[in-house]
Amino acid sequence: MSIAEVEPQTETSLKVIPDATCTFCGCVCDDIELTVEDQQIKQAKNACVLGKAWFFNHHIEDRPQALIKGQPATYEEGIARAVEILLNAKYPVTYGLSDTTCEAQRKAVAITDWIGGNIDTTTSVCHGPSGMAFQTVGETTCSLGEIKNRADFLIFWGGNPAESHPRHFTKYSLMPKGDFLPKGRKDRTAMLVDVRKTKSAKAVDIFLQIKPRSDFELLWAMRGLAKGIDVDPRVEEKTGIPLDKLDDIVKQMKQAHYGAILFGMGLTMTRGKHINSEGLLGLARDMNQHTRWVAKPMRGHGNVTGADNVVTWSTGYPFGVNLSRGYPRFNPGEYTTSDLLARGEADAAMIIASDPMSNFSQPAREHLAKINSIVLDPKLSDTAKVATVAFTTATYGINVPGTVYRMDDIPIPLRPAFESPYWSDLKILTAIEKGIREKQLAVN
Amino acid sequence: MNMPKTFILIPGRTSRQGTGLNEGKYSNDYLDEINTVLINPEDMQRLGLQDGDTVRMWTDYAEVQVTCKTDKGECPPGIVFISYGDKSSRLMQGETHGSGMPTSKGMDVQIEKVIAS
């Protein structure tokens, strides 16, 4: 039964939603003015090119409430099958969560706890290595507001905000006038470190084009120079950056009033991974012997930072958490979903707002296609196509209220544009949890 | 006959990949973007490639076929770029070296021409 058959639209309406929140990328811009007509967003003032694409392409599609093995089903039927799958699994994994509300994330953790499963988020294939590095060397952190108002030296490392976070430069970091930077861009020095001369290179004053897979060596050389230690000159050949140039940059960094390093997945997805992030966080920490420096990861999906926060305040760890013994255990590489699937260990999966069938390794995909899986997603995906139960959901931020965390760990409320006939992730997960508890309590 | 050459592949996000993602993973824009590898002009010449040719690109773990296009000043010789998506992820290995994260940037790949445009 499709939604269009159940609830036909009869009225035409036009409304304006001020201060709507965009949840496409980690910037989570909350100053968007939406014009909505007939359950379609017609205008999205202040949104960037990615934000506009987000708002204009999430309209109500005529899809079944759920599919069970490819056949249309109701939510109730899908929930009953999902409960059965999760209760019968020996090693279920819950994964995804970066494109849903904190309220739904919290419910997913609760379900995983009740069934003694494994919970992991897309952080594990994003800034998971940075999360590991935080535990090793700590995080010299800040809000984006502090960067806007104070940061007179910005380093973007292994990221391309001009394309991945288009409003970061203009709203939070490079361009805006701040309390202590009245001239905005003119008061700031900006540097980009990357293997490619991306579109972001045009926006900065200094571009360091490093050789691939040499971030760690460059960071360690900068740490040495910052501490006044002689650096092995072979680092020039390894990184492609002359030592005297590097020394000059470190001197400029020491003269800044407030420096910020904003780093992307050029560090975490490259060989070295958490060790690369450790080097960068260590550099930011070391620089505090001279002046104020902070470091923040550039986060991707709208509420991936919320996923880290919710899983951390629920279990004590940010991702890759196993709850099978009744208490949380954290071990990246063992309890992270890519590994669990590639090694063929998980025997069921509940995937919320994510598409591992199109972004995991081949062995992980092959195993996921073989096991029972439950998928919650507003759009059809390769993961939904192989799912045992695939729920169609309402889109968070556009149809669903709730809370998301911006990339600097600031919680922001959502102001939805229009109602969806589809259920939210939270409503479906609440029903699944209820079904699981009823069955568990009946047995006990 | 041009022999295959070894390159370092950097998958990453682009504006078009982001907007295409919202239009849907089966939209033409998205599929075109994630199925196109950008190659430095010198390397295009060395491999005997023209824009629109189909190339085979492989790692020790998997192989894919994608369309090639001349890079406009972003990639130095030896480095190729593809928008992050299905094809780039297929080339990753399952091993994550205890991190949970497969090496998905800076992969060694070999490239050879398969079909002329």
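Protein chains in written order, with the working numbering: chain X, 34 to 477; chain V, 885 to 1001. Even for Gly, the Cβ is constructed at its ideal location relative to N, Cα and C.
Close beta carbons around residue i, own chain, < 7 Å, minus the five adjacent residues each side
i, result
"G377/X", "H400"
"V998/V", "T938, V939, R940, Q949"
"F249/X", "G305, I308, N309, G312"
Buried versus exposed call for residue i [16 or more other C-beta atoms within 10 Å across all chains shown]
i, result
"T169/X", "exposed"
"V993/V", "buried"
"D71/X", "exposed"
"A936/V", "According to the sequence shown, residue 936/V is Gly rather than Ala. By the neighbour-count rule (16 or more Cβ atoms within 10 Å), G936/V is not buried but exposed."
"F213/X", "exposed"
"D103/X", "The residue you asked about is not Asp; residue 103/X is Gly in the sequence shown. Exposed: under 16 other Cβ atoms inside 10 Å."
"P365/X", "buried"
"G902/V", "buried"
"S371/X", "buried"
"L225/X", "buried"
"H198/X", "buried"
"T890/V", "exposed"
"Q42/X", "Interpretation of Q42/X is limited by its pLDDT of 48, a score under 50 that renders its predicted location unreliable; no figure is taken from the coordinates."
"V39/X", "Unreliable placement is indicated for V39/X, whose pLDDT of 43 sits below 50; the coordinate value is still reported in the next sentence. Result: exposed."
"H334/X", "buried"
"K989/V", "buried"
DSSP state of residue i mapped onto helix, strand, coil
i, result
"K997/V", "strand"
"P241/X", "This sequence places Leu at residue 241/X; Pro is not what is there. Strand."
"P351/X", "coil"
"Y291/X", "strand"
"V228/X", "coil"
"E979/V", "coil"
"M440/X", "coil"
"L83/X", "helix"
"N392/X", "helix"
"K78/X", "strand"
"G521/X", "Residue 521/X lies beyond the residue range present for chain X, which begins at 34 and ends at 477; the question has no answer from this structure."
"D95/X", "coil"
"Y108/X", "helix"
"W991/V", "A small fix is needed here, since residue 991/V is Met in this sequence, not Trp. Three-state result, M991/V: strand."
"E452/X", "coil"
"L462/X", "helix"
"A223/X", "strand"
"K235/X", "helix"
"N405/X", "strand"
"V476/X", "helix"
"S967/V", "strand"
"V418/X", "The residue asked about is misnamed: residue 418/X is Lys in this sequence, not Val. K418/X falls in the helix class under three-state DSSP."
"F424/X", "strand"
"L214/X", "strand"
"D319/X", "helix"
Cutoff 8 Å: residue i Cβ touching any chain V Cβ
i, result
"P365/X", "yes"
"A397/X", "yes"
"S206/X", "no"
"K412/X", "yes"
"L313/X", "no"
"L251/X", "no"
"L83/X", "yes"
"G353/X", "yes"
"P245/X", "yes"
"M34/X", "Confidence is the limiting factor: at M34/X the pLDDT is only 44, short of 50, which leaves the residue's position unreliable, though a coordinate-based value still follows. For M34/X, the answer is no, since every Cβ of chain V falls outside 8 Å of its Cβ."
"M298/X", "yes"
Cβ shell of residue i (< 6 Å), same chain only, five flanking positions each side left out
i, result
"L100/X", "A423"
"K78/X", "E66"
"P351/X", "G164, D341, V344, T345"
"G211/X", "K181, N182"
"D153/X", "Y128, F352, G353, T369, T370"
Short CB-CB distance (under 8 Å) between residue i and chain X
i, result
"G932/V", "no"
"F891/V", "no"
"G969/V", "yes"
"I986/V", "The sequence shown places Pro at residue 986/V, not Ile. Judged by the 8 Å Cβ criterion, P986/V is in contact with chain X."
"R990/V", "For clarity, residue 990/V is Gly in the given sequence; the question names Arg instead. Yes - at least one Cβ of chain X is within 8 Å of the one on G990/V."
"N906/V", "yes"
"T884/V", "Within the shown structure, residues of chain V are numbered from 885 to 1001, placing residue 884/V beyond reach of any answer."
"E917/V", "no"
"K956/V", "no"
"Y914/V", "no"
"G936/V", "no"
Residues near residue i by beta carbon distance below 8 Å, same chain, minus five either side
i, result
"P209/X", "K181, T203, G217"
"D380/X", "A122, K123, Y124, P125, I404, N405"
"S967/V", "P895, G896, R897, T898, R900, Q901, E917, I918, T920"
"P361/X", "T348, G349, Y350, V354, N355"
Which whole runs of the alpha helix (DSSP H) in the stretch 152-212 of chain X are 4 residues long or more, in chain order?
161-170, 177-183, 194-197
Every unbroken beta strand (DSSP E) within the stretch 893-965 of chain V, with a cutoff of 3 residues, ordered by chain:
920-923, 938-942, 947-954
Scan the stretch 322-390 of chain X and note each continuous alpha helix (DSSP H) run of 4 residues or more that stays entirely inside, going in chain order.
337-348, 370-375
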